[in-house]
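Visitor: This is the structure I want to talk about, given as structure tokens.
Residue numbers (my numbering): 1282 to 1908.
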């Protein structure tokens, strides 16, 4: 019994001790909290007294973002091709309005010419933050803006705002390259900090999209005191926004404009590259559109017109569209043949067709036709390029094989992206045995090698790729790292002189001379488009079929392109360089469904080189500096 009492006394003492500890801890915690509150109160009353002494019990502080001015885009000579214009706007702050309907009706009375759809406007306002200015109208004339300012006392919660609006002075001619800005969409809400702004813009395609992050600048912010009804009392703190970086392109806007005019009324593309620097001086796609229309938003009718147009005005045909290269591939096939040991003086007889065995056909053979029905007779490599003999290239393609052709084409830049900044760029296709097995699960056929030898079959290239390939042929085989943005992309306007694409420069000279003769000697496929004068161009025509010609049609007579629907006509291509003595520029022209390279594309090349020889042998460069 005595033992039990001892135990009881011991436990009672232990419990009392525990209670005392808890009380001590609670007291300490309360003391800490009170100390923190006291110090914070002292901070607010003493240190922050100047900032808060004027605030009434009903006043509060709010924060607003400050949008920076977007950076400009210039051409190689410092000419602006994307800049900003002052934009006179009217905005409303929901929290500062007593009655939204009354405020909007009052606005309609003051500016009847910019009459608002009140139900739609209210719906849009309700989705926005209360203390953020919400755009009512923009692009006001100075007269209306002045009227708004003089009547602002009648418009509760409405404010005049001077902002910036993106402007494209070159409009259609540069649209696909530069791109445009438009309202931020849902996919950007979490990745773009500018999504917090009402009516903020972001780049959608082209350079505007590729370099959007550097062009848009850095957001600023301000802290303001507002009263009980939301009226701004004073500004407490401000961090200025930082203007976006300016961007300079390698494009010469005058060459770009001239090339665009050559494509008037047709669907196609033109690219021009400096063969010694790798700078692209023109990337032109037609038809085009006015990028200024996208800034404020297109109506459904205009958008439908653009998207339903069979000529695809929204597509950048210089990099996004791929085409069979047709006979423009023949210079590269010739290089592959020379590297494989084919003697350039070897003559092959062309009687208008080339026959191969094909056990899958009832006849047991398949005939590949030359574009010239009766053939070209005996031709060597130079003559074959000059007159574009298909039979010659069927034969040498068969001898060297598809893998060698593909290897050379890839080495010169086909089948891969020319630039590393445009999300809309397509790689194209340079087929070989492995590619077909992986993509189609089928073995390569001999007939497919013959088709590849004249740029048909699975082959797909872009205008930018073709001009790049030719540039590396005529510059002595020096590897080009293409550039479109000064100081921003992979080339930085420099060429790799220590890296040659080809070891034997004699092979390049053979091809160059062949291209010269194709344009400047009687019988050449582009002789009718030669440049007369001291400075000359060389080049190669190409025609790529978009439909299969049946044996029956060949018997009765092949339907002429002009008699076919536009979509079934052949594409017309031309690759050219100049001056031939000391090459400076290379170009590529693709006319969609133009019929033939000699008829549709080569004449445009003549006009372009004549313009360049006269006006652009020395480009006026002006370095743009960000400040």
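Just so it is clear, CB atoms sit at the ideal spot from N, CA and C, and this is done for glycine as well.
Remember, it's a predicted structure, so these values are computed and weren't measured experimentally.
Check residue 1623 in the structure and name its three-state DSSP category.
Guide: Coil.
Visitor: Does the structure place the region 1612-1625 close enough to the region 1876-1892 that three or more beta carbon pairs sit under 8 Å?
Guide: No, they do not touch.
Visitor: So, is residue 1407 buried or exposed, given that buried needs 16 or more other C-beta atoms within 10 angstroms?
Guide: The residue in question, residue 1407, is exposed, as its Cβ has fewer than 16 Cβ neighbours within 10 Å.
Visitor: Let's test the definition: count the other Cβ atoms within 10 Å of the Cβ of residue 1588 and tell me whether it reaches 16, buried, or not, exposed.
Guide: Exposed, by the Cβ-count rule.
Visitor: Within 10 angstroms of its Cβ, does residue 1756 collect 16 or more other Cβ (buried), or is it exposed?
Guide: With 16 or more other Cβ atoms within 10 Å, it is buried.
Visitor: I need the straight-line Cα distance from residue 1677 to residue 1660, nearest angstrom please.
Guide: Approximately 12 Å, taken between the alpha carbons.
Visitor: Using 8 Å for Cβ pairs, my map puts residue 1806 next to residue 1668. What's the rounded Cβ distance?
Guide: Yes, residue 1806 and residue 1668 are in contact; Cβ-Cβ is about 7 Å, under 8 Å.
Visitor: Is DSSP giving residue 1481 helix, strand or coil here?
Guide: Note: residue 1481 maps to coil in three-state DSSP.
Visitor: On the DSSP letters alone, give me the boundaries of the alpha helix (DSSP H) that residue 1884 sits inside.
Guide: Residues 1883-1896.
Visitor: Do you know whose CA, among 1500, 1457, 1506, lies nearest residue 1569's CA?
Guide: For the residues 1500, 1457, 1506, the minimum Cα distance to residue 1569 belongs to 1457.
Visitor: What beta strand (DSSP E) runs, 3 residues minimum, are completely inside the region 1511-1592?
Guide: Listed in chain order, the complete beta strand (DSSP E) runs (minimum 3 residues) inside the region 1511-1592 are 1513-1520, 1549-1555, 1561-1567.
Visitor: Buried or exposed for residue 1730, please, with buried defined as at least 16 other CB atoms from any protein chain shown within 10 angstroms of its CB.
Guide: The residue is buried, with at least 16 neighbouring Cβ atoms inside 10 Å.
Visitor: My parser needs the beta strand (DSSP E) runs of 3 or more residues fully inside the region 1836-1860; what are they?
Guide: Counting only runs of 3 or more, we get 1852-1859.
Visitor: Could you round the C-beta distance between residue 1505 and residue 1517 to whole angstroms and report it? I think they count as a contact, below 8 Å.
Guide: So it is a contact: roughly 6 Å between Cβ atoms.
Visitor: What separation, rounded to the nearest whole angstrom, lies between the Cα atoms of residue 1391 and residue 1405?
Guide: Approximately 21 Å between the Cα atoms of the pair.
Visitor: To which residues of the same chain is residue 1752 closer than 7 Å at the C-beta, ignoring the five residues directly before and after it?
Guide: Taken in chain order, the residues that qualify are 1554, 1556, 1761, 1867.
Visitor: Measuring straight from C-alpha to C-alpha, what distance separates residue 1536 and residue 1562?
Guide: About 7 Å.
Visitor: Per the DSSP calculation, residue 1711 is bridged to which residue(s)?
Guide: Residue 1711 pairs with nothing; no bridge assigned.
Visitor: Run through DSSP, which three-state label would residue 1372 get?
Guide: Looking at residue 1372 - three-state DSSP - the assignment turns out to be strand.
Visitor: Does the contact criterion of 3 or more C-beta pairs under 8 Å hold for the region 1736-1751 versus the region 1676-1696?
Guide: Result yes; three or more Cβ-Cβ pairs closer than 8 Å.
Visitor: So, for residue 1884: in the same chain, excluding its five sequence neighbours on each side, which residues have a beta-carbon less than 6 Å away from its beta-carbon?
Guide: Same-chain partners within the cutoff: 1810.
Visitor: Please look up how many angstroms separate the CB atoms of residue 1447 and residue 1363, rounded, as I've assumed it's under 8 Å.
Guide: About 7 Å; that satisfies the 8 Å criterion.
Visitor: Between residue 1826 and residue 1886, what straight-line distance do the alpha-carbon atoms span, to the nearest angstrom?
Guide: Approximately 21 Å, taken between the alpha carbons.
Visitor: Give the straight-line distance between the Cα atoms of residue 1898 and residue 1830, rounded to the nearest whole angstrom.
Guide: Rounded to the nearest angstrom, the two C-alpha atoms are 44 Å apart.
Visitor: Please state whether DSSP places residue 1830 in a helix, a strand or coil.
Guide: Residue state, collapsed to three classes: coil.
Visitor: For residue 1638, which three-state DSSP category applies?
Guide: Three-state result, residue 1638: strand.
Visitor: Residue 1416: which of 1399, 1442, 1424 sits nearest, CA to CA?
Guide: Considering only alpha carbons, the answer is 1442.
Visitor: From which residue to which residue does the alpha helix (DSSP H) around residue 1673 run?
Guide: Taken as a continuous stretch (DSSP letters only), the alpha helix (DSSP H) holding residue 1673 covers 1671-1681.
Visitor: Using DSSP's beta-bridge definition, name the partner residues of residue 1439.
Guide: DSSP output for residue 1439 lists 1373 as bridge partner(s).
Visitor: Assess, as a yes-or-no matter, whether the region 1488-1503 is touched by the region 1524-1531 under the definition of 3 or more beta carbon pairs within less than 8 Å.
Guide: Verdict: yes, contact present.
Visitor: Please report the distance separating the alpha-carbon of residue 1540 from that of residue 1455.
Guide: Rounded to whole angstroms, residue 1540 to residue 1455 spans 11 Å at the Cα level.
Visitor: I need the straight-line Cα distance from residue 1543 to residue 1724, nearest angstrom please.
Guide: So the alpha carbons of these two residues sit roughly 43 Å apart.
Visitor: On the DSSP bridge assignment, give the partners of residue 1660 in chain order.
Guide: Looking at the DSSP assignment, residue 1660 forms a beta bridge with 1629.
Visitor: Can you name the start and end residues of the beta strand (DSSP E) that residue 1343 belongs to?
Guide: Unbroken beta strand (DSSP E) run through residue 1343: 1341-1347.
Visitor: Thinking C-alpha only, which one of 1804, 1835, 1576 is nearest residue 1822?
Guide: When only C-alpha atoms are compared, the closest one is 1804.
Visitor: Looking at the secondary structure, which residues open and close the beta strand (DSSP E) in which residue 1648 lies?
Guide: Looking at the DSSP string, the run of the beta strand (DSSP E) that includes residue 1648 is 1646-1650.
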